[in-house]
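S.K.: Please read through the structure below; I'll follow up with questions.
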Amino acid sequence: MIINTGELFMTGIISVYMIAILVGFGIAIADYILRGISLYTIAKREGREYPWLAFVPFARKYLQGELAGVIVLKDRKIKNPGIWLVAMPFIAGIVSSIFYGILCAITFGILISMDYMATDFSVGGVFGILVLIFIMLVWTLVYNAAYKLLYVLVDKQIFGKFTSENMAVIHAVLSVFLPLYEVICLFVMRNKAYNADQEPSMEVPLPIAPPPVQESEEHKDDKDE
């Protein structure tokens, strides 16, 4: 029996690829379920108006940011971190699309000039492309760093409701690098008692008593009689 080494190699690559897809799919499903249950429970405990947003894509990021509350950075405040968690990817997508559009336009212009004008490859055009690619890489790095920092701050404040400040920072940082770490922490902490200074206010305001009715002079005279 002749063993085809090439077929075995391809079979091994396909098997590894399929396993990676199944593992990634399983992680995504687990993340969706655990995150939804955790955010829903915490939002319900805090009396949020729409806790079911925990199961809606994109909206769950907004809910998670709002559960963190106002983020204080020295003399600056992020009042609506949930909006920023949703808006930043869209802003990044628009900026990246503009960069890619400019890059394609420059590349297409160089190729057209070479075909129709019989010119040599433009050194200036190549330099411009390299500069634009460098700017795109810097923009991507800055955006990813800013978004992960915001995510760490949001998680730190949520975890800080149930654990010490130092542990909240550790959990928040590890959540950025370890798959499922964040949702496991949220799931474990969702029913824990709040810290003394983090207890959500669930008091229902007492009804305001109506002002006393002023009796007219005629009624007073009747009572006196």
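Numbering (the working numbering), first residue to last: 35 to 259. All C-beta atoms, glycine included, are put in the ideal place defined by N, C-alpha and C. Treat the numbers as computed from the prediction; the structure is a model and nothing was measured.
Using 8 angstroms as the Cβ pair cut-off and three pairs as the minimum, do the region 106–113 and the region 124–136 touch?
M.R.: no
S.K.: What does DSSP give as the partner residues of L56 in its beta bridges?
M.R.: Answer is none; L56 lacks a bridge partner.
S.K.: Starting from K111, trace the alpha helix (DSSP H) in both directions and tell me its first and last residue.
M.R.: Counted as a single uninterrupted DSSP element, the stretch harbouring K111 is not any alpha helix (DSSP H) but the beta strand (DSSP E) occupying residues 110–112.
S.K.: Would you kindly work out how many angstroms separate the C-alpha atoms of Y84 and I169, rounded to a whole number?
M.R.: The straight-line gap separating the alpha-carbon atoms of Y84 and I169 is approximately 41 angstroms.
S.K.: Between the alpha carbons of L119 and P234, how many angstroms are there, rounded?
M.R.: 23 angstroms
S.K.: Go ahead and pull the three-state DSSP assignment for V129.
M.R.: helix
S.K.: So, using beta-carbon positions, are V188 and G81 closer together than 9 angstroms?
M.R.: no
S.K.: Let me check one thing: in DSSP terms, what residues is I105 bridge-paired to?
M.R.: DSSP, once it has assigned bridges, lists I112 as partnering I105.
S.K.: Of the choices R69, T39, I76, whose alpha-carbon is the least far from that of A227?
M.R.: Ranking R69, T39, I76 by Cα distance to A227 puts I76 first.
S.K.: Under the three-state reduction of DSSP, which class applies to T45: helix, strand or coil?
M.R.: helix
S.K.: With a threshold of 16 other CB atoms inside 10 Å of the CB of V217, please say whether the residue is buried or exposed.
M.R.: buried
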